[in-house]
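Residue numbers (the numbering used here): -16 to 225.
No residue lacks a Cβ here, since even glycine has one placed at the ideal position from N, Cα and C.
Just so you know, these numbers come straight off a predicted model, no measurement behind them.
Below is one structure, written out as structure tokens; comments come after it.
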Ligand code: NAD
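Pasting the structure below:
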């Protein structure tokens, strides 16, 4: 098992890609702690992984250090950190306002930074961080302008941090999902028409499943990727080829 005796923290583990990642890590031997705004969803995933759950808002930078400290005190060193929590609502940039900008950047970028900053002190040499960005952060996505900026920030953050912590053999990589069949995508258009159109435009002719993305996250978190750091891996069925 790739994650025997490893403590993993997964943000956004209540739903979608984070939930699939928590399940996959647990199947592969990890003890998984979930951090999510959605307390019921987090507890539900934790019950399936025999792990534990904490409900906090990762953009609340004052709440994050205490939650991470509690996890480390209970479980010990954190060997794998997956920053997967994210949020957006599609709308034209000209219709957005500062409250929306702060929310999108606060969750997707500052939340990732805050959790990583808090966790690093408990991460031993040789551990791994995987940040879930988005292809929006690589190629841009209309209707997701501020989100694209935040996810581009997650990619740059991952690369710069990878350089800084490499001396401790801590690896930092990003996974950039394309359109993935989760409640996040459904929130953009619950009629399913957008999902169908995106699947048609995708060379492999389907959306990603949460499991497709979780597999890439688990690979980058595992020792199989022990010489890979500062990289971005798109899981998009070829929709983007960068
Ligand atoms: P999802 O909505 O199913 O899951 C997101 C999870 O993040 C939810 O459980 C939610 O409660 C949690 N969350 C949101 N805001 C939070 C906060 N402030 N504090 C703590 N938890 C919070 O969505 P998903 O599709 O599984 O998204 C996972 C990641 O993948 C996100 O970072 C998203 O931006 C990214 N992504 C998704 C897609 C897609 O098409 N689904 C594409 C590219 C990138």
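- Taking the Cβ atoms as the reference, residue 134 lies roughly 4 Å from residue 117, within the contact range of under 8 Å.
- Look at the beta carbons and you see the segment 45 to 53 touching the segment 91 to 101: at least three pairs across the two are nearer than 8 Å.
- In this structure, 222 is the residue among 222, -16, 70 and -12 with its C-alpha nearest to the C-alpha of residue 185.
- At least one heavy atom of the ligand NAD sits closer than 6 Å to the Cβ of residue 167.
- For residue 38, the enclosing beta strand (DSSP E) covers residues 35 to 38.
- The distance from the Cβ of residue 120 to that of residue 75 is about 19 Å, inconsistent with a contact at the 8 Å cut-off.
- DSSP places residue 19 in the uninterrupted beta strand (DSSP E) bounded by 14 to 19.
- In this structure residue 4 is in contact with residue 201, their Cβ atoms being roughly 7 Å apart against a cut-off of 8 Å.
- Just so you know, the alpha carbons of residue 122 and residue 136 end up roughly 13 Å apart.
- The criterion of a C-beta distance shorter than 7 Å is satisfied by residue 17 and residue -4.
- DSSP, read as helix, strand or coil, puts residue 139 in helix.
- For residue -7, the enclosing beta strand (DSSP E) has its first and last residue at -10 to -6.
- With a cut-off of 6 Å, the C-beta of residue 84 is classified as distant from the ligand NAD, since no heavy atom of the ligand falls inside that distance.
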